[in-house]
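Report on the following structure.
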Amino acid sequence: MPAVQKPAHVKGDFFVDYEEKVFEDVKAEPGEKALVKFHTVAFEGSIGYVNLLQATRLQRKGFETSILLYGPGVTLGIQRGFPRLGDEAFPGHQNYTNQINKFIAEGGKVYACRFALQALYGHGEPSLIEGIRPISPLDVLDIVLIHRRENALILDTWTM
Numbered sequence: 001m002p003a004v005q006k007p008a009h010v011k012g013d014f015f016v017d018y019e020e021k022v023f024e025d026v027k028a029e030p031g032e033k034a035l036v037k038f039h040t041v042a043f044e045g046s047i048g049y050v051n052l053l054q055a056t057r058l059q060r061k062g063f064e065t066s067i068l069l070y071g072p073g074v075t076l077g078i079q080r081g082f083p084r085l086g087d088e089a090f091p092g093h094q095n096y097t098n099q100i101n102k103f104i105a106e107g108g109k110v111y112a113c114r115f116a117l118q119a120l121y122g123h124g125e126p127s128l129i130e131g132i133r134p135i136s137p138l139d140v141l142d143i144v145l146i147h148r149r150e151n152a153l154i155l156d157t158w159t160m
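Heads up: the sequence shown begins at 1 in my numbering, then just goes up one per residue.
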């Protein structure tokens with residue numbers, strides 16, 4: 001076996017050039033919108049959290065940004081905690097809630113499908129994080145069509 005001649009990595013080392021930005025820093029033109037759709041289950045992968053961060057970033061770039069939680073995506077907008085609502089049972093347990101609250105506080109709009117809440121996941125509107133607007137299942141397609149009509153950026157988030 002060949003001997004390893006390099007010292008072990010230590011805290012503070014970095015492996016990539018994290019300062020280089022290849023593309024321009026795009027900002028929204030006045031009136032530009034974005035819709036981020038979530039059809040993913042909370043805690044079953046990183047995509048839900050990553051795209052909450054993307055929605056926040058879009059908003060900070062000047063896009064009027066909305067989030068649509070439908071199907072299993074409504075699980076991102078449900079209040080949670082243990083032993084009481086709001087308690088963090090383990091590190092990161094409140095990541096979704098904290099990020100959604102930050103997004104709303106910065107002016108973002110979040111919508112959740114009432115059908116998915118009740119019929120699929122057995123929750124009602126009181127289960128939602130404060131500030132999330134429940135909508136009819138008939139509104140799920142219409143919010144997409146409205147954003148399409150307005151030439152908005154639409155980011156779809158799916159997990160299977």
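From the three backbone atoms N, C-alpha and C, an ideal C-beta is built for every residue, glycine too.
#1: Return the CA-CA distance between HIS147 and ALA119, expressed in angstroms with no decimal places.
#2: Determine the extent of the beta strand (DSSP E) in which ARG84 is found, giving its start and end residues.
#3: Measure how close the beta-carbons of ALA152 and LEU35 come, nearest whole angstrom, since I'm counting them as under 8 Å.
#4: Pop quiz: PHE38 and GLY73 are said to be a contact at Cβ under 8 Å. What is the actual Cβ separation, rounded to whole angstroms?
#5: Do ALA42 and TYR96 have their CB atoms nearer than 8 Å?
#6: Considering only residues of the region 90–131, which uninterrupted beta strand (DSSP E) runs meet the minimum length of 3 residues and lie entirely inside it, listed in chain order?
#7: Would you mind sorting ALA105 into buried or exposed? The rule is 16 or more other CB atoms within 10 Å of its CB.
#8: Over what stretch of residues does the beta strand (DSSP E) that includes THR157 continue unbroken?
#9: Give the secondary structure of VAL144 by DSSP, where H, G and I count as helix, E and B as strand, and everything else as coil.
#10: According to the Cβ coordinates, are TYR143 and LEU76 closer than 8 Å?
#11: Any idea if PHE15 is buried or exposed, counting beta-carbon neighbours within 10 angstroms, 16 or more meaning buried?
#12: Less than 8 Å between the C-beta atoms of ILE154 and HIS123, yes or no?
#13: Run through DSSP, which three-state label would PRO72 get?
Let me lay it out:
#1: Position 147 of the sequence shown, counted from the first residue, corresponds to residue 147. Position 119 of the sequence shown, counted from the first residue, corresponds to residue 119. In a straight line, the C-alpha of HIS147 is about 26 Å away from that of ALA119.
#2: Your numbering for residue 84 matches position 84 in the sequence shown. Unbroken run through ARG84: none, as it is neither H nor E.
#3: In the sequence shown, the residue the question calls residue 152 occupies position 152. In the sequence shown, the residue the question calls residue 35 occupies position 35. Confirmed, Cβ separation roughly 6 Å.
#4: As a first step, residue 38 is located in the sequence shown; it is residue number 38 there, counting from the start. As a first step, residue 73 is located in the sequence shown; it is residue number 73 there, counting from the start. Confirmed, Cβ separation roughly 3 Å.
#5: As a first step, residue 42 must be located in the sequence shown, where it is residue number 42. As a first step, residue 96 must be located in the sequence shown, where it is residue number 96. ALA42 is a Cβ neighbour of TYR96, given a cutoff of 8 Å.
#6: The qualifying runs are 109–113.
#7: Start at 1 with the first residue of the sequence shown, and residue 105 comes out as number 105. The C-beta of ALA105 has fewer than 16 other C-beta atoms within 10 Å across all chains shown, which makes the residue exposed.
#8: Against the sequence shown, residue 157 aligns to sequence position 157. Residues 153–158.
#9: Walking along the sequence shown from the start, residue 144 turns up at place 144. Under the three-state reduction of DSSP output, VAL144 falls in the helix class.
#10: For the purposes of this step, residue 143 is identified with residue 143 of the sequence shown, where counting begins at 1. For the purposes of this step, residue 76 is identified with residue 76 of the sequence shown, where counting begins at 1. The question names Tyr, but residue 143 is Ile in the sequence shown. The answer is no: Cβ separation not under 8 Å.
#11: If you number the sequence shown from 1, residue 15 lands on position 15. Per the 10 Å Cβ criterion, exposed.
#12: Position 154 of the sequence shown holds residue 154. Position 123 of the sequence shown holds residue 123. Between ILE154 and HIS123, the gap from beta carbon to beta carbon reaches 8 Å or more.
#13: Along the sequence shown, one-based indexing puts residue 72 at 72. Reduced to three states, the DSSP call for PRO72 is helix.
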